[in-house]
Amino acid sequence: MENTCYTDLLLELECPICTNYMAPPISQCATGHSICEECRGKLSNCALCKGVFTESRNIALERLAVKVRYPCINKNSGCNLKLAYNERRLHESNCAFKGYRCAMENCFWIGRLEDIPLHWISKENITKPCGTNNFCRTKMISGSYYVNLVIAFDKLFWFKCKLSNKKVYWAVQYIGNSTEAENYYYELDIFKSNRTKNKILISNYCQPVDIEDSLIFSDACISLPLNMVTPFLCNDQTLEYHMRVNTVNKKSEQCKAISGTKKQEKSKKVVGPKEVGPNKK
545 MENTCYTDLL
555 LELECPICTN
565 YMAPPISQCA
575 TGHSICEECR
585 GKLSNCALCK
595 GVFTESRNIA
605 LERLAVKVRY
615 PCINKNSGCN
625 LKLAYNERRL
635 HESNCAFKGY
645 RCAMENCFWI
655 GRLEDIPLHW
665 ISKENITKPC
675 GTNNFCRTKM
685 ISGSYYVNLV
695 IAFDKLFWFK
705 CKLSNKKVYW
715 AVQYIGNSTE
725 AENYYYELDI
735 FKSNRTKNKI
745 LISNYCQPVD
755 IEDSLIFSDA
765 CISLPLNMVT
775 PFLCNDQTLE
785 YHMRVNTVNK
795 KSEQCKAISG
805 TKKQEKSKKV
815 VGPKEVGPNK
825 K
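Dropping the structure here:
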(Lines of atoms letter the chains of each structure in order from A and count residues from 1; the text may use other names and numbers.)
(Lines give C-alpha, C1' and ligand atoms only; values in the text may rest on other atoms or scores of the structure.)
Protein backbone atom coordinates (compact mmCIF):
# COMPACT_ATOMS: atom_id res chain seq x y z
CA MET A 1 0.00 0.00 0.00
CA GLU A 2 2.81 2.38 0.94
CA ASN A 3 4.68 1.70 -2.29
CA THR A 4 1.49 2.24 -4.28
CA CYS A 5 0.91 5.65 -2.68
CA TYR A 6 4.53 6.62 -3.31
CA THR A 7 4.25 5.59 -6.96
CA ASP A 8 1.02 7.57 -7.34
CA LEU A 9 2.69 10.68 -5.91
CA LEU A 10 5.55 10.37 -8.37
CA LEU A 11 3.08 10.02 -11.25
CA GLU A 12 1.57 13.36 -10.26
CA LEU A 13 5.02 14.91 -10.56
CA GLU A 14 5.79 13.53 -14.02
CA CYS A 15 6.02 16.18 -16.72
CA PRO A 16 3.41 15.29 -19.39
CA ILE A 17 5.85 16.28 -22.14
CA CYS A 18 9.21 14.67 -21.29
CA THR A 19 7.96 12.38 -18.45
CA ASN A 20 10.85 13.51 -16.22
CA TYR A 21 9.95 14.50 -12.69
CA MET A 22 9.00 18.14 -12.19
CA ALA A 23 10.68 20.31 -9.58
CA PRO A 24 10.16 23.99 -8.66
CA PRO A 25 9.42 26.14 -10.53
CA ILE A 26 6.47 24.26 -12.06
CA SER A 27 4.72 26.34 -14.73
CA GLN A 28 1.11 26.14 -15.88
CA CYS A 29 -0.85 26.88 -19.03
CA ALA A 30 -4.16 28.76 -18.98
CA THR A 31 -6.04 25.45 -18.86
CA GLY A 32 -4.09 24.27 -15.83
CA HIS A 33 -1.66 21.75 -17.31
CA SER A 34 1.64 21.67 -15.43
CA ILE A 35 5.02 21.45 -17.15
CA CYS A 36 8.65 21.19 -16.06
CA GLU A 37 11.03 24.13 -16.31
CA GLU A 38 13.09 22.60 -19.13
CA CYS A 39 10.09 21.92 -21.37
CA ARG A 40 8.65 25.34 -20.58
CA GLY A 41 11.79 26.93 -22.00
CA LYS A 42 11.40 24.99 -25.26
CA LEU A 43 7.67 25.55 -25.89
CA SER A 44 5.69 28.67 -26.71
CA ASN A 45 2.30 26.95 -26.20
CA CYS A 46 1.06 23.99 -24.18
CA ALA A 47 1.68 20.76 -26.08
CA LEU A 48 -1.49 19.20 -24.62
CA CYS A 49 -4.10 21.86 -25.34
CA LYS A 50 -2.22 24.49 -27.41
CA GLY A 51 -3.15 27.05 -24.75
CA VAL A 52 -0.85 29.89 -23.74
CA PHE A 53 1.37 29.70 -20.69
CA THR A 54 0.66 32.00 -17.79
CA GLU A 55 2.92 33.46 -15.13
CA SER A 56 1.18 31.36 -12.46
CA ARG A 57 2.84 28.32 -10.93
CA ASN A 58 1.43 25.12 -9.48
CA ILE A 59 2.21 25.85 -5.84
CA ALA A 60 0.54 22.65 -4.59
CA LEU A 61 2.77 20.47 -6.77
CA GLU A 62 5.83 22.52 -5.85
CA ARG A 63 5.19 21.91 -2.15
CA LEU A 64 4.81 18.21 -2.85
CA ALA A 65 8.00 18.17 -4.92
CA VAL A 66 9.99 19.58 -2.01
CA LYS A 67 8.89 16.75 0.29
CA VAL A 68 9.11 13.76 -2.04
CA ARG A 69 12.31 11.76 -2.49
CA TYR A 70 12.88 10.92 -6.14
CA PRO A 71 14.47 7.78 -7.57
CA CYS A 72 17.70 8.32 -9.47
CA ILE A 73 17.27 8.57 -13.23
CA ASN A 74 19.65 5.61 -13.48
CA LYS A 75 17.42 3.31 -11.41
CA ASN A 76 16.96 0.87 -14.31
CA SER A 77 20.74 0.53 -14.52
CA GLY A 78 21.08 -0.41 -10.87
CA CYS A 79 21.05 2.78 -8.75
CA ASN A 80 18.66 2.40 -5.81
CA LEU A 81 19.12 5.84 -4.24
CA LYS A 82 16.17 8.13 -3.54
CA LEU A 83 17.02 11.81 -3.25
CA ALA A 84 15.46 15.19 -2.55
CA TYR A 85 14.79 17.24 -5.68
CA ASN A 86 17.69 19.63 -4.97
CA GLU A 87 20.12 16.70 -4.57
CA ARG A 88 19.19 14.78 -7.72
CA ARG A 89 20.99 16.84 -10.37
CA LEU A 90 24.39 16.71 -8.67
CA HIS A 91 24.07 13.01 -7.91
CA GLU A 92 22.85 12.03 -11.37
CA SER A 93 25.64 13.92 -13.12
CA ASN A 94 28.19 11.78 -11.26
CA CYS A 95 26.20 8.60 -10.59
CA ALA A 96 28.23 5.39 -10.81
CA PHE A 97 25.44 3.88 -12.93
CA LYS A 98 25.31 6.80 -15.35
CA GLY A 99 25.26 6.07 -19.07
CA TYR A 100 27.82 7.74 -21.37
CA ARG A 101 27.40 8.42 -25.08
CA CYS A 102 29.99 7.35 -27.61
CA ALA A 103 31.80 10.43 -28.94
CA MET A 104 32.05 9.09 -32.49
CA GLU A 105 29.84 10.92 -34.98
CA ASN A 106 26.67 9.06 -35.96
CA CYS A 107 27.07 6.55 -33.15
CA PHE A 108 24.14 6.43 -30.73
CA TRP A 109 25.55 3.90 -28.29
CA ILE A 110 25.08 4.69 -24.58
CA GLY A 111 26.64 2.51 -21.92
CA ARG A 112 28.39 2.20 -18.59
CA LEU A 113 31.83 3.73 -18.06
CA GLU A 114 33.58 0.37 -17.86
CA ASP A 115 31.98 -0.76 -21.14
CA ILE A 116 33.35 2.12 -23.24
CA PRO A 117 36.74 0.54 -24.18
CA LEU A 118 35.13 -2.69 -25.38
CA HIS A 119 32.57 -0.75 -27.42
CA TRP A 120 35.30 1.41 -28.94
CA ILE A 121 37.53 -1.42 -30.12
CA SER A 122 34.50 -3.25 -31.52
CA LYS A 123 33.97 -0.50 -34.12
CA GLU A 124 35.33 -1.03 -37.63
CA ASN A 125 38.08 1.17 -39.09
CA ILE A 126 38.68 2.88 -35.77
CA THR A 127 41.96 3.97 -34.20
CA LYS A 128 42.95 1.87 -31.21
CA PRO A 129 42.78 3.59 -27.80
CA CYS A 130 45.92 5.57 -26.99
CA GLY A 131 47.76 6.27 -23.74
CA THR A 132 49.44 9.08 -21.82
CA ASN A 133 51.96 10.00 -24.54
CA ASN A 134 50.85 9.75 -28.16
CA PHE A 135 52.26 10.55 -31.58
CA CYS A 136 49.48 11.97 -33.75
CA ARG A 137 49.19 12.72 -37.46
CA THR A 138 46.13 14.78 -38.38
CA LYS A 139 45.12 15.73 -41.90
CA MET A 140 44.36 19.45 -42.02
CA ILE A 141 41.15 19.35 -44.08
CA SER A 142 38.52 22.04 -43.50
CA GLY A 143 35.53 20.67 -41.63
CA SER A 144 37.35 17.54 -40.48
CA TYR A 145 36.61 16.05 -37.06
CA TYR A 146 38.73 13.43 -35.31
CA VAL A 147 38.09 11.61 -32.05
CA ASN A 148 39.89 8.86 -30.16
CA LEU A 149 39.65 7.17 -26.81
CA VAL A 150 42.53 7.80 -24.40
CA ILE A 151 43.30 5.48 -21.49
CA ALA A 152 45.65 7.18 -19.04
CA PHE A 153 46.22 6.73 -15.30
CA ASP A 154 43.49 4.04 -15.38
CA LYS A 155 41.00 6.72 -16.45
CA LEU A 156 39.16 7.33 -19.72
CA PHE A 157 39.26 10.48 -21.86
CA TRP A 158 37.98 11.57 -25.26
CA PHE A 159 40.58 13.28 -27.44
CA LYS A 160 38.95 15.46 -30.09
CA CYS A 161 40.42 17.52 -32.94
CA LYS A 162 38.45 19.78 -35.25
CA LEU A 163 39.37 22.12 -38.12
CA SER A 164 36.81 24.87 -38.68
CA ASN A 165 36.78 28.53 -39.73
CA LYS A 166 40.54 28.50 -40.32
CA LYS A 167 41.23 27.43 -36.73
CA VAL A 168 42.36 24.12 -35.30
CA TYR A 169 40.78 22.95 -32.05
CA TRP A 170 42.00 20.24 -29.68
CA ALA A 171 40.04 19.11 -26.65
CA VAL A 172 40.43 16.34 -24.08
CA GLN A 173 37.38 15.45 -22.00
CA TYR A 174 37.51 13.41 -18.81
CA ILE A 175 34.93 10.60 -18.77
CA GLY A 176 33.63 10.17 -15.24
CA ASN A 177 32.91 12.33 -12.21
CA SER A 178 32.89 15.92 -13.52
CA THR A 179 34.63 17.25 -10.40
CA GLU A 180 37.71 15.14 -11.19
CA ALA A 181 38.33 16.65 -14.64
CA GLU A 182 40.38 19.51 -13.20
CA ASN A 183 42.90 17.00 -11.87
CA TYR A 184 44.18 16.39 -15.41
CA TYR A 185 45.60 18.50 -18.20
CA TYR A 186 46.72 17.80 -21.73
CA GLU A 187 49.67 19.10 -23.68
CA LEU A 188 50.36 19.40 -27.40
CA ASP A 189 53.90 19.40 -28.77
CA ILE A 190 53.69 20.44 -32.44
CA PHE A 191 56.82 20.04 -34.54
CA LYS A 192 58.15 19.34 -38.02
CA SER A 193 60.56 16.48 -38.57
CA ASN A 194 63.12 18.52 -40.51
CA ARG A 195 62.79 21.62 -38.30
CA THR A 196 63.95 20.50 -34.89
CA LYS A 197 64.70 23.97 -33.54
CA ASN A 198 61.13 25.24 -33.55
CA LYS A 199 58.04 23.83 -31.95
CA ILE A 200 54.71 24.87 -30.45
CA LEU A 201 54.05 23.63 -26.93
CA ILE A 202 50.70 24.44 -25.37
CA SER A 203 48.58 23.00 -22.57
CA ASN A 204 45.12 23.29 -21.06
CA TYR A 205 42.90 21.62 -18.50
CA CYS A 206 40.82 18.60 -19.42
CA GLN A 207 37.09 19.33 -19.48
CA PRO A 208 34.17 17.24 -18.14
CA VAL A 209 32.56 14.92 -20.66
CA ASP A 210 29.12 16.49 -20.13
CA ILE A 211 30.12 19.74 -21.87
CA GLU A 212 28.72 19.92 -25.40
CA ASP A 213 31.10 20.18 -28.35
CA SER A 214 29.65 23.59 -29.27
CA LEU A 215 30.94 24.94 -25.95
CA ILE A 216 34.15 22.91 -25.90
CA PHE A 217 35.16 24.23 -29.33
CA SER A 218 34.41 27.85 -28.43
CA ASP A 219 36.64 28.87 -25.55
CA ALA A 220 37.18 25.77 -23.40
CA CYS A 221 39.95 24.04 -25.32
CA ILE A 222 43.25 24.61 -27.10
CA SER A 223 42.81 26.46 -30.38
CA LEU A 224 45.32 27.84 -32.87
CA PRO A 225 44.89 29.81 -36.11
CA LEU A 226 45.50 27.58 -39.11
CA ASN A 227 48.17 29.96 -40.42
CA MET A 228 50.12 29.44 -37.19
CA VAL A 229 50.44 25.69 -37.73
CA THR A 230 50.82 25.87 -41.53
CA PRO A 231 54.66 26.11 -41.35
CA PHE A 232 54.65 22.78 -39.51
CA LEU A 233 52.59 20.89 -42.10
CA CYS A 234 54.10 17.99 -44.01
CA ASN A 235 53.92 17.84 -47.80
CA ASP A 236 50.65 15.90 -47.62
CA GLN A 237 49.08 18.64 -45.41
CA THR A 238 49.37 16.44 -42.33
CA LEU A 239 50.23 17.93 -38.95
CA GLU A 240 52.48 15.88 -36.69
CA TYR A 241 52.49 16.36 -32.93
CA HIS A 242 52.68 14.65 -29.58
CA MET A 243 49.64 14.71 -27.29
CA ARG A 244 50.20 14.00 -23.62
CA VAL A 245 47.77 13.65 -20.73
CA ASN A 246 49.16 14.44 -17.28
CA THR A 247 47.97 14.87 -13.72
CA VAL A 248 47.88 18.35 -12.21
CA ASN A 249 50.09 19.05 -9.22
CA LYS A 250 48.08 21.90 -7.74
CA LYS A 251 50.89 22.93 -5.42
CA SER A 252 53.37 23.47 -8.21
CA GLU A 253 54.04 26.44 -10.44
CA GLN A 254 52.96 24.25 -13.33
CA CYS A 255 49.34 24.61 -12.27
CA LYS A 256 49.64 28.40 -12.39
CA ALA A 257 51.10 28.21 -15.87
CA ILE A 258 48.25 26.03 -17.09
CA SER A 259 45.74 28.50 -15.66
CA GLY A 260 47.30 31.13 -17.88
CA THR A 261 46.80 29.03 -21.00
CA LYS A 262 43.15 28.62 -20.14
CA LYS A 263 42.46 32.35 -20.06
CA GLN A 264 44.18 33.66 -23.16
CA GLU A 265 46.41 32.67 -26.05
CA LYS A 266 49.45 34.16 -24.34
CA SER A 267 51.07 30.75 -23.95
CA LYS A 268 50.57 29.81 -27.60
CA LYS A 269 53.98 30.46 -29.00
CA VAL A 270 56.64 29.02 -31.21
CA VAL A 271 59.61 28.17 -29.07
CA GLY A 272 63.20 27.09 -29.48
CA PRO A 273 64.84 23.99 -28.06
CA LYS A 274 65.58 25.50 -24.65
CA GLU A 275 62.22 27.06 -23.92
CA VAL A 276 59.07 24.99 -24.09
CA GLY A 277 56.38 27.32 -22.65
CA PRO A 278 54.01 27.69 -21.04
CA ASN A 279 56.15 25.60 -18.69
CA LYS A 280 59.92 25.65 -18.89
CA LYS A 281 61.62 22.33 -18.50
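Residue numbers (the numbering used here): 545 to 825.
Just so you know, even glycine gets a beta-carbon here, dropped at the ideal spot from N, CA and C.
Exposure of Asn589 is indicated by the presence of fewer than 16 other C-beta atoms within 10 angstroms of its C-beta. In the structure shown, Val596 falls within a strand segment according to DSSP collapsed to helix, strand and coil. Linking Asn790 to Cys580 through their CA atoms gives a straight-line distance of about 41 Å.
If you draw a 10 Å sphere on the C-beta of Gln781, you find fewer than 16 other C-beta atoms in it, and that means exposed. A residue is called buried once 16 or more other Cβ atoms fall within 10 Å of its Cβ, and Ser686, having fewer, is exposed. The residues Leu553, Glu556, Leu557, in chain order, have a CB closer than 8 Å to that of Leu608 in the same chain once the five nearest residues on each side in sequence are set aside. In the displayed model, Lys710 falls within coil according to three-state DSSP, outside both helix and strand. Scanning its chain for C-beta atoms nearer than 6 Å, with the 5 sequence neighbours on each side dropped, one finds around Gly622 the residues Phe641, in chain order. Arg632 counts as buried, since at least 16 other C-beta atoms from the protein chains shown sit within 10 angstroms of its C-beta.
Note that the stretch 760–769 touches the stretch 732–749; at least 3 beta-carbon pairs, one per stretch, sit closer than 8 Å. Per DSSP, Leu783 is one residue of the beta strand (DSSP E) stretching across 782–791. Excluding its 5 nearest sequence neighbours in each direction, Gly643 has C-beta neighbours in its own chain below 8 Å: Asn618, Ser621, Ile654, Gly655, Arg656, listed in chain order.
Scanning its chain for C-beta atoms nearer than 8 Å, with the 5 sequence neighbours on each side dropped, one finds around His577 the residues Pro560, Cys590, Leu592, Cys593, Gly595, in chain order. Distances from the CA of Phe776 to each of Asp698, Ser758, Leu745, Ile760 were compared; the closest alpha carbon is that of Leu745. Burial state of Ile665 is exposed, judged by a 10 Å Cβ sphere holding fewer than 16 other Cβ atoms.
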